[in-house]
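Q:
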Amino acid sequence: MTTIAANLQAVENRIAAACAAAGRPVADVTLLAVSKTWPAAAVREAAAAGQGAFGESYVQEAVPKVAALRELCAEWHFIGPLQSNKTRAVAENFDWVHSVERLKIAERLSVQRPPELPPLNICLQVNVSGEESKSGCAPDEVLELARAVAQLPGLRLRGLMAIPEPTENSALARRRFASLRELRDRLMAAGLPLDTLSMGMSHDLEAAILEGATMVRVGTAIFGERHYA
Ligand SMILES: *Cc1c(COP(=O)(O)O)cnc(C)c1O
Numbered sequence: 001m002t003t004i005a006a007n008l009q010a011v012e013n014r015i016a017a018a019c020a021a022a023g024r025p026v027a028d029v030t031l032l033a034v035s036k037t038w039p040a041a042a043v044r045e046a047a048a049a050g051q052g053a054f055g056e057s058y059v060q061e062a063v064p065k066v067a068a069l070r071e072l073c074a075e076w077h078f079i080g081p082l083q084s085n086k087t088r089a090v091a092e093n094f095d096w097v098h099s100v101e102r103l104k105i106a107e108r109l110s111v112q113r114p115p116e117l118p119p120l121n122i123c124l125q126v127n128v129s130g131e132e133s134k135s136g137c138a139p140d141e142v143l144e145l146a147r148a149v150a151q152l153p154g155l156r157l158r159g160l161m162a163i164p165e166p167t168e169n170s171a172l173a174r175r176r177f178a179s180l181r182e183l184r185d186r187l188m189a190a191g192l193p194l195d196t197l198s199m200g201m202s203h204d205l206e207a208a209i210l211e212g213a214t215m216v217r218v219g220t221a222i223f224g225e226r227h228y229a
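Using the working numbering, read the sequence shown as starting at 1 and increasing by one per residue.
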């Protein structure tokens, strides 16, 4: 077994244990393998071990990688900060975007989504950490944003995403994840049909699953430590 295959197995075991502890079926949680900074060969290795969904954060790095890996028929998720001048490349090359925090970006993605492709799946990124974090819309703005995004024809609103501030305090981590779940529940009570809570990374996926994550985004625990050029 390759290192990546063994790491994937270990992460799947962690997910299964967390689902068991939470009393949730393991099929509730999708593993997104975050391949940013890793070459196409690493993605191929993970795909050969059965991994089907990959996350990328940098448009310039991701677009040629996605193109080089078309034959894998993998599902590609954009999870990084997204500026207006990069929306077209994302609308054309990805299946999901987890990091929408402004209506203007969502409108551009909707208009630029090629009509022959299915609607782009969208999660709204929410700042659940207050002043500790700069990315994501404020929790009290998310209902209005969600209602507007749900109207856009090129998009399909699926749920919410958060990246809480790093902490060693697992009680705090769980509170942050719980607050995203509660927001999702409020949006659903307001009539928005959401099925996705994108939360939890290599170091905190257990806490996220205990609080209802349906998608965990894991890089380091699968591919190793990243080295930025
Ligand atoms: C890089 C990244 C991850 C993966 O983080 P790891 O700690 O390597 O698992 C998850 N989510 C987002 C948004 C990221 O940018």
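The beta-carbon is built from N, C-alpha and C at its ideal position, and this holds for glycine as well.
What number of angstroms, rounded off, separates the C-alpha of residue 175 from the C-alpha of residue 151?
A: Roughly 31 Å between the two C-alpha positions.
Q: Going by DSSP in three states, residue 29 sits in which element: helix, strand or coil?
A: Here residue 29 sits in coil by DSSP.
Q: Restricting to runs no shorter than 3 residues, where is the beta strand (DSSP E) found entirely within the stretch 141-196?
A: DSSP runs (the beta strand (DSSP E)) wholly in the stretch 141-196: 155-161.
Q: Can you tell me whether residue 127 is helix, strand or coil according to DSSP?
A: Residue 127: coil per DSSP, three-state reduction.
Q: Using a threshold of 7 Å, state whether the C-beta atoms of residue 8 and residue 222 are closer than that.
A: Taking 7 Å as the Cβ cut-off, residue 8 and residue 222 qualify as a contacting pair.
Q: Note down the Cα distance separating residue 23 from residue 212, rounded to an integer number of angstroms.
A: Using only the alpha carbons, I get a separation of about 11 Å.
Q: Can you pull the DSSP bridge partners for residue 198?
A: Answer is 161 and 215, bridged to residue 198.
Q: When you measure from the CB of residue 298 to every non-hydrogen atom of ligand 1, does any distance come out below 6 Å?
A: For residue 298 there is no data in the structure shown, the boundaries of the chain being 1 and 229.
Q: Beta-carbon within less than 8 Å of residue 137's beta-carbon, same chain only, minus the 5 sequence neighbours each way: which residues are those?
A: Excluding residues within five positions, the ones whose Cβ falls inside 8 Å are 101, 102, 124, 125, 126, 127 and 145.
Q: Can you round the beta-carbon distance between residue 142 and residue 106 to whole angstroms, since I take them to be within the 8 Å contact cut?
A: Actually they are not in contact, since the Cβ atoms of residue 142 and residue 106 sit about 12 Å apart, beyond 8 Å.
Q: Measure from the alpha carbon of residue 206 to the alpha carbon of each residue in 4, 3, 191 and 29, then state which is nearest.
A: Measuring from the Cα of residue 206, the nearest candidate turns out to be 29.
Q: Does the contact criterion of 3 or more C-beta pairs under 8 Å hold for the stretch 64-78 versus the stretch 28-45?
A: Yes, the stretch 64-78 touches the stretch 28-45.
Q: Taking 6 Å as the cut-off, is the beta-carbon of residue 136 closer than that to any non-hydrogen atom of ligand 1?
A: Residue 136: no, Cβ never under 6 Å from ligand 1.
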